[in-house]
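Enquirer: Sharing a structure, written as structure tokens. Questions coming.
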Amino acid sequence: MHPDLYLFVEGVRARELWEEADRQRKARLVAPASVISAFEERLGWVLVRTGLRLVDRHACRPHWSPSMPPR
1 MHPDLYLFVE GVRARELWEE ADRQRKARLV APASVISAFE ERLGWVLVRT GLRLVDRHAC
61 RPHWSPSMPP R
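Residue numbers for the sequence shown, in this note's numbering: 1 to 71.
As structure tokens, then:
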């Protein structure tokens, strides 16, 4: 894809995303969040944090290989 065309498409996509974010923001101002949606949001962030901890924990540990002496 030509670079100018690519930049144009990405600009249109960015505008669409900003418009969607504005719609979501306005919808939240009109209707207060229910208890269930608040719980779902908090649960989602807990799952994200847990996943990041798991990835971080496994990234730091060296991989064992048969040629490595036991500790």
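Ideal Cβ positions, reconstructed from N, Cα and C, are used throughout, including at glycine.
Distance, Cα to Cα, A21 vs R15?
Expert: For the purposes of this step, residue 21 is taken as the residue at position 21 of the sequence shown. For the purposes of this step, residue 15 is taken as the residue at position 15 of the sequence shown. If I take the Cα positions, the gap works out to 10 Å.
Enquirer: Between L43 and L29, what straight-line distance do the alpha-carbon atoms span, to the nearest angstrom?
Expert: Your numbering for residue 43 matches position 43 in the sequence shown. Your numbering for residue 29 matches position 29 in the sequence shown. For L43 and L29, the distance between alpha carbons rounds to 22 Å.
Enquirer: Do you know offhand how far D26's Cα is from F8's?
Expert: As a first step, residue 26 is located in the sequence shown; it is residue number 26 there, counting from the start. As a first step, residue 8 is located in the sequence shown; it is residue number 8 there, counting from the start. Residue identity check: residue 26 is Lys in the sequence provided, not Asp. The alpha-carbon atoms of K26 and F8 are separated by roughly 27 Å.
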